[in-house]
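S.K.: Here the protein sequences come in this chain order: R and Y.
Okay, so the first sequence: first residue is 0 according to numbering that gives the first Met the number 0, each after it adds one.
Okay, so the second sequence: first residue is 0 according to numbering that gives the first Met the number 0, each after it adds one.
Mind having a look at this structure? Questions to follow.
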Amino acid sequence: MEKGFYGEYGGQFVAETLMPALNELEYCFEKIEKNKQFNGKLSHYLCSYAGRPTPVYYAENISSKYKLSLYLKREDLLHTGAHKINNTIGQALMALEMGKKRIIAETGAGQHGVATATACALFNLECEIYMGKTDALRQKVNVEKMKMLGAKVNIVDKGSMTLKDAVSSCLKDWVANVDNTHYLLGSALGPHPFPRIVGHFQSVIGREARDFFEEKKALPSAVVACVGGGSNAIGIFKGFLDTNTELIGVEAGGLSNATGAHAMRFGAGKRGIFQGTHSYVIQKENGQISPVHSISAGLDYPGVGPEHSYLFDTGRVDYDYCRDGDAVFAFYELTHLEGIIPALESSHALGYVLKNCEKFREKTVLVNLSGRGDKDLDIIREYNGGSLV
Amino acid sequence: MKGIYMMGGYPDIETFCDEFIFSQDCGLDFVEIGLPFNDPVADGPVISEAGEKVIASGVKIDEILQCVRQNKKTGIYAMTYSNIIYNYPLEKFSESFKDILNGVIIADLPNRYHHFFKDKGFEIPIIPFATLDTNVDDLKNMLYGQDFIYFVGLKGVTGAKAKIGDLAAVEKVTQIRQCTGCKVVFGFGIKTARDAEKVLEFADGFVIGTEVVKRQSDPAEFKKYVAELGSVSAQ
Ligand SMILES: Cc1ncc(COP(=O)(O)O)c(C=O)c1O
Chain R
0 MEKGFYGEYG GQFVAETLMP ALNELEYCFE KIEKNKQFNG KLSHYLCSYA GRPTPVYYAE
60 NISSKYKLSL YLKREDLLHT GAHKINNTIG QALMALEMGK KRIIAETGAG QHGVATATAC
120 ALFNLECEIY MGKTDALRQK VNVEKMKMLG AKVNIVDKGS MTLKDAVSSC LKDWVANVDN
180 THYLLGSALG PHPFPRIVGH FQSVIGREAR DFFEEKKALP SAVVACVGGG SNAIGIFKGF
240 LDTNTELIGV EAGGLSNATG AHAMRFGAGK RGIFQGTHSY VIQKENGQIS PVHSISAGLD
300 YPGVGPEHSY LFDTGRVDYD YCRDGDAVFA FYELTHLEGI IPALESSHAL GYVLKNCEKF
360 REKTVLVNLS GRGDKDLDII REYNGGSLV
Chain Y
0 MKGIYMMGGY PDIETFCDEF IFSQDCGLDF VEIGLPFNDP VADGPVISEA GEKVIASGVK
60 IDEILQCVRQ NKKTGIYAMT YSNIIYNYPL EKFSESFKDI LNGVIIADLP NRYHHFFKDK
120 GFEIPIIPFA TLDTNVDDLK NMLYGQDFIY FVGLKGVTGA KAKIGDLAAV EKVTQIRQCT
180 GCKVVFGFGI KTARDAEKVL EFADGFVIGT EVVKRQSDPA EFKKYVAELG SVSAQ
C-alpha cells in the first residue's frame, strides 16, 4: 500500500506550503510511536490525569429489556467527558517534541475543543479554537469552558457554520502560521499523517476493550460505534479487526434521506477529495460539497476518515445509520434505565442497537460510549419543544 | 509572462465573458480561470466569496470554459481544487478541455500527488508549485514540459500581501530558474503594477488574483487595472 494511503484512500491533498509541516509531523510521529520514554509520559497522563483505563460496563437493565447482552465502553467517564482527550494529550506531547508553542484546533460538538484547551492549559501551550457559529450556539457550555481554560475561541460564520467550516478555517490559519503552530486535528481525518496519528492515540480504547473480553474468554458478537470523522470508531475497531467480531459504524441518519437532511457518507456519498484526504464525501454531482445535518454537532460532517472508506470497501466494517429521533430515544433510554446520560453522538450507536435489537437478540454487543451528554441538554430541550423530561 | 487570475463566471457569465475577451487583447501572456469550489481552503475572503456567488448562481464549468474556448488568444490555465476535477470526472475533464487549457493549477494537489491524477488518465499538464522550502531536485523530477513553475510567494491564503523582493524568495526563484531551466511565475501576494514590475526583475512572470477579482464586478475598473498590468515591463 502506498504510504499515507489505506487502499486508494487517504493522501495529502493540501497546499504545497503545508507539506513541510506534514513531513515534520510524520517524522515526529515515527520517532515517538514506539518510543518508550514518550509512551511512558503519555500513559502517565492518560492514567493519572485523564482517568484511563475506562471500565467496560454490563448494562443490565437495557440488556434484560431488549433481550441482548449490552456492554458499554465508558469513554464518557474520561476527564472532559469524551474520548477526545486521548488524542489531545498525545498530540500536545508531540507539539512539545516539535517545539511548537501554539495550538489550533477545530471543534464541532465542542468536546475536542475543550479537550484541546485542557491539554494546552496542562502543558502551557497557546490555544486557539475554531468553531462554527451554529455549533457554538448549540454547544454554549463548551464555548464557555474553552474560554475559561484560556483558549481563544474563533467563531466561524462562513458556509454552513459547522464542523466543515471550522476545519477549513484551521487549514487556512495553519498555512499562514505553520512555523510556530501545530494543528491539533480532532478526528481520524484530514491529510496523512493525521488519520494515522489520531487512530493510534485512540486505539487504546480498542486495546482495553479487547483485554476485557479476552479475560472473559468470549469476544463480543458485535462492536458498534458512531462515526463522525471516525476517531472513536477506529479506536475501538482496531482492537477487533483481526477477529470475527462484527464491526458496525453508525452514521448520522438525520431527519431523512433527502440531501442536506443527514450525514451518511457511506449511505449517500461518493468518492471525493475533501479537506486533505481522498475518501467518501457527501457532495453534489458537480463536486461541490453538500450541506449535511445531524442533531449531533459531532456527526455533522460531509467527509469521513480514509481508513473507514477502506474498511467499507473491503467489507470488514458495516456502516449503517441512526436517525435523530432514534438517537434521542436512546439518549433517554440509557438515562432512565442505567442512570447514564450519553452524548448525542454516542446515542447514535446505542440508538442503532436498540432499533435493530432483533438482529442482536441473545448476542453480546459492545457499544462505544464515546462521551457524556451534559453538553447536549440545550439541544434535547429544543428538540422536545422546550422541556427535558 | 504576465498573467491574471479571474474567477470564472463572476459576477455573472456575460460580464465575465466581456472581461475575459478584453483580457485576451491587452498585453497579458496568460489568464488563469478560477473554477469555484465551496471549500476553498487556499483562498482568502475575496476569492472565496466570489466563488460562492458563482456556485449560487448555478453557472456551470462548461459555460465558463465555452466562453474561454470561443475567445482564447493567450495561454489559459484552469485554477481550481482537486474535487472539482476529480468528480467532473477526471478523464472527462481531461478529454473535454485539453485542447483549450495549457495547464491546470490545483490548489490542494501538492507536487507529490500529481501521479494520483496522471495515473487515472489525466493528460492536461499540471503546473508544479514551488515554495521557499522546495527541494530543487524533487522539483526537477516533477517536470515534463509544463509551461512554468508556480512560485507561491507567501505562506497563507490568497489575498494576503507578500513582501516583494524579499531576499530569500529572490534567491529561491533564481536557484529554481537556474537548476530547472523552467520558467518561474510568482503568485500570491502581489497587489499593484509596481509590485508586478518588481517581480519581473527576478522571476519570469507574475500573476495577480485577488486585486483582479475585486474589480470583476465593475468592468470599467477591471479593464483599467488589467490594461495597466498588461503594459507592465521589467525596469
Ligand atoms: C462524544 C463524541 N463522540 C463522537 C464524536 C464524533 O467524532 P469521532 O467520529 O471522531 O469519534 C464526537 C465529536 O465531537 C464526540 O464529541
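Note that beta-carbon positions come from the ideal geometry of N, C-alpha and C, so glycine has one too.
Just so it is clear, the structure is predicted and the values come from calculations on it, not from any experiment.
#1: Are the CB atoms of Gly248/R and Ala187/R nearer to each other than 8 Å?
#2: By how many angstroms is the C-alpha of Pro194/R removed from the C-alpha of Ala14/R?
#3: For Pro109/Y, write down the residues that DSSP places opposite it in a beta bridge.
#4: Run through chain R and tell me which residues come within less than 7 Å of Gly155/Y, C-beta to C-beta.
#5: If the cut-off is 8 Å on Cβ atoms, which residues from the segment 187-212 of chain Y count as contacting chain R, listed in chain order?
#6: In the DSSP assignment, find the alpha helix (DSSP H) that holds Gly112/R and state where it starts and stops.
#7: Helix, strand or coil: which one does DSSP assign to Ala221/R?
#8: Does any heavy atom of ligand 2 sit closer than 7 Å to the C-beta of Gln138/R?
#9: Which residues in chain Y sit within 8 Å of Thr276/R, going by Cβ to Cβ distance?
#10: Verify the contact flag: Gly370/R, CB atom, against every heavy atom of ligand 1, threshold strictly below 7 Å.
#11: Distance, Cα to Cα, Ser216/Y vs Glu105/R?
#12: If we ignore side chains and look at the alpha-carbon of each, how far apart do Arg380/R and Ala226/Y end up?
#13: Assuming Gly275/R and Gln11/R form a contact by the criterion Cβ under 8 Å, report the distance between their Cβ atoms to the nearest whole angstrom.
#14: On the CB-based measure, 16 or more other CB atoms within 10 Å of its CB, does Lys163/R come out buried or exposed?
#15: Any chance you could list the alpha helix (DSSP H) runs of at least 4 consecutive residues sitting entirely within the segment 170-243 of chain R, in chain order?
#16: Roughly how far, in whole angstroms, is the beta-carbon of Ala116/R from the beta-carbon of Ile103/R, given that I think they are within contact range, below 8 Å?
#17: By DSSP's criteria, Cys321/R is part of a beta bridge. Which residues make up the other side?
#18: With H, G and I counted as helix, E and B as strand and the rest as coil, what does DSSP make of Ala129/Y?
#19: Below 8 Å, can you find three or more Cβ-Cβ pairs linking the segment 342-353 of chain R to the segment 209-229 of chain R?
#20: If the cut is a Cβ gap below 7 Å, which residues of chain Y does Ser386/R touch?
#21: Using a Cβ-Cβ cut-off of 8 Å, state whether Pro19/R counts as contacting chain Y.
#22: Would you mind reading off the limits of the alpha helix (DSSP H) that contains Lys72/R?
#23: Against chain R, with Cβ distances strictly below 8 Å, would Tyr85/Y count as a contact?
#24: If you run the structure through DSSP and keep just helix, strand and coil, what is Thr191/Y?
#25: Considering only the beta carbon of each residue, do Met93/R and Phe28/R sit closer than 8 Å?
#26: Using 8 Å as the cut-off, can you tell me whether the segment 360-372 of chain R makes contact with the segment 316-324 of chain R, which would need three or more C-beta pairs spanning the two stretches below that distance?
#27: Does Val151/Y get closer than 8 Å to chain R when you measure Cβ to Cβ?
#28: Using the beta-carbon of each residue, which ones in chain R are nearer than 8 Å to Tyr112/Y?
#29: Can you give the beta carbon distance from Val184/Y to Val212/Y, rounded, assuming they're within the 8 Å contact cut?
#30: So Gly302/R packs on Val327/R, CB below 8 Å; how close in whole Å?
#31: One question on the structure: do Ile105/Y and Thr79/Y come within less than 8 Å of each other, judged by their Cβ atoms?
#32: By alpha-carbon positions, which one of Trp173/R, Ile233/R and Ser63/R ends up nearest to Val40/Y?
#33: How long is the line joining the alpha carbons of Phe4/R and Leu184/R, rounded to whole angstroms?
#34: Start and end of the beta strand (DSSP E) containing Lys35/R?
#35: Quick check: what's the CA-CA separation for Tyr8/R versus His277/R?
#36: From which residue to which residue does the alpha helix (DSSP H) around Tyr300/R run?
M.R.: Working from what's here:
#1: no
#2: 18 Å
#3: Paired residues: none, contrary to the question.
#4: Val174 and Ala175
#5: none
#6: Counting along the chain, the alpha helix (DSSP H) containing Gly112/R begins and ends at Gln110 to Phe122.
#7: strand
#8: Of the ligands this structure carries, namely ligand 1, none is ligand 2.
#9: Result: empty, since nearest Cβ-Cβ is about 10 Å, beyond 8 Å.
#10: At least one heavy atom of ligand 1 falls within 7 Å of the beta-carbon of Gly370/R.
#11: 34 Å
#12: 60 Å
#13: 6 Å
#14: buried
#15: 193-215 and 230-236
#16: With a Cβ gap of about 11 Å, Ala116/R and Ile103/R do not count as contacting.
#17: Ala251/R
#18: strand
#19: A contact between stretches requires three or more CB pairs, one per stretch, nearer than 8 Å, and the segment 342-353 of chain R meets this requirement with the segment 209-229 of chain R.
#20: The premise fails here: Ser386/R is roughly 38 Å from chain Y at the closest Cβ pair, so nothing lies under 7 Å.
#21: yes
#22: Premise fails: Lys72/R lies in the beta strand (DSSP E), Ser68 to Arg73, not in any alpha helix (DSSP H).
#23: yes
#24: coil
#25: yes
#26: no
#27: Residue contact check for Val151/Y against chain R: a CB pair falls below 8 Å.
#28: Gly10, Gln11 and Phe12
#29: With a Cβ gap of about 18 Å, Val184/Y and Val212/Y do not count as contacting.
#30: 25 Å between Cβ atoms; not a contact.
#31: yes
#32: Trp173/R
#33: 18 Å
#34: Premise fails: Lys35/R lies in the alpha helix (DSSP H), Lys35 to Tyr44, not in any beta strand (DSSP E).
#35: The straight-line gap separating the alpha-carbon atoms of Tyr8/R and His277/R is approximately 5 Å.
#36: Neither: Tyr300/R is in no alpha helix (DSSP H) and is coded neither H nor E.
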